[in-house]
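Worksheet: one structure, shown below.
In the numbering used here, the protein residues as written are 1 to 250.
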């Protein structure tokens, strides 16, 4: 059972034509053909993925994540028979509704590789306090912060990377995510923020807020993943792919 959370930051970004055109995007690849299918590679409609023995390529298509194993040839077409609604739910804005907030922190069963106890979000609009990089969020959406280890109580400090007011935040036990303290330190579009656990100030993470216009956020997984990659929001791309992972075949 994997626990879930939500949350996120804000910043400036525009969607690219490639987001709309890609039928699938490569999440990861291993094996002899890995160099031909690097992470982030866009695969257009009817593209052929030719794999050798020992190849494993994970792609994010319009409905979710698929694992292709060689040897074999696979056509990336429109024949997607899985539920396409999951990506739209993950991309929903985290505005005011209490039901959305509750659903964001509720535990959820997640399919895919990795530890069965791994914590994953049920929304992609969340900032991981342990990772550097850009954080994408739709304009008008609330911003949440997320931590992977949620069993114990902890305290973190948040400030702009250039200095200024610092805010101390408490994480209750078994809480994976908390709201950004916007009444004390309002998040600003395009700004970079620094956050660290007060027991380890030398292990700070910095993330930059990238704001997406709500109408530019696509509902299908491949286009959404491409949009995240185009804006440098790599951690959210990984979350999207992991949460939408299909049940591995026997």
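Each residue gets a CB set at the ideal place from its N, CA and C atoms; glycine is no exception.
The region 126 to 211 contains, as complete beta strand (DSSP E) runs of 3+ residues, the segments 133 to 138, 144 to 146, 154 to 160, 167 to 171, 177 to 179, 192 to 197 (chain order). Closest by C-alpha distance to residue 244, out of 42, 234, 31, 62, is 62. Annotation: residue 181 to residue 167 spans about 8 angstroms, alpha carbon to alpha carbon. Per DSSP, residue 225 lies in no beta strand (DSSP E) segment; the continuous alpha helix (DSSP H) that holds it begins and ends at 221 to 230.
Going by DSSP, residue 243 is part of the alpha helix (DSSP H) stretching over 234 to 243. With a beta-carbon spacing of about 6 angstroms, residue 205 and residue 130 fall inside the 8 angstroms limit used to define contacts. Membership of residue 69 in the beta strand (DSSP E) is indicated by the continuous run 65 to 69. Under the 8 angstroms Cβ criterion, the region 215 to 230 does not count as touching the region 150 to 165, having fewer than three qualifying pairs.
In the DSSP assignment, residue 61 forms a beta bridge with 24.
DSSP places residue 73 within a strand segment (E or B) once states are collapsed to three.
The DSSP-derived three-state label of residue 45 is coil. Under DSSP, residue 29 forms a beta bridge with 57. Residue 231 counts as buried, since no fewer than 16 other beta carbons sit within 10 angstroms of its beta carbon. As computed with DSSP, residue 51 is found in a beta bridge with 72. Per the coordinates, the alpha-carbon of residue 187 lies some 11 angstroms from the alpha-carbon of residue 179.
Between the C-alpha atoms of residue 219 and residue 125 there is a straight-line separation of about 14 angstroms. Spatial neighbours of residue 170 in its own chain (CB-CB distance under 6 angstroms, excluding positions within 5 residues in sequence) are listed in chain order as 155. Taking the Cα positions, residue 142 is about 33 angstroms away from residue 44.
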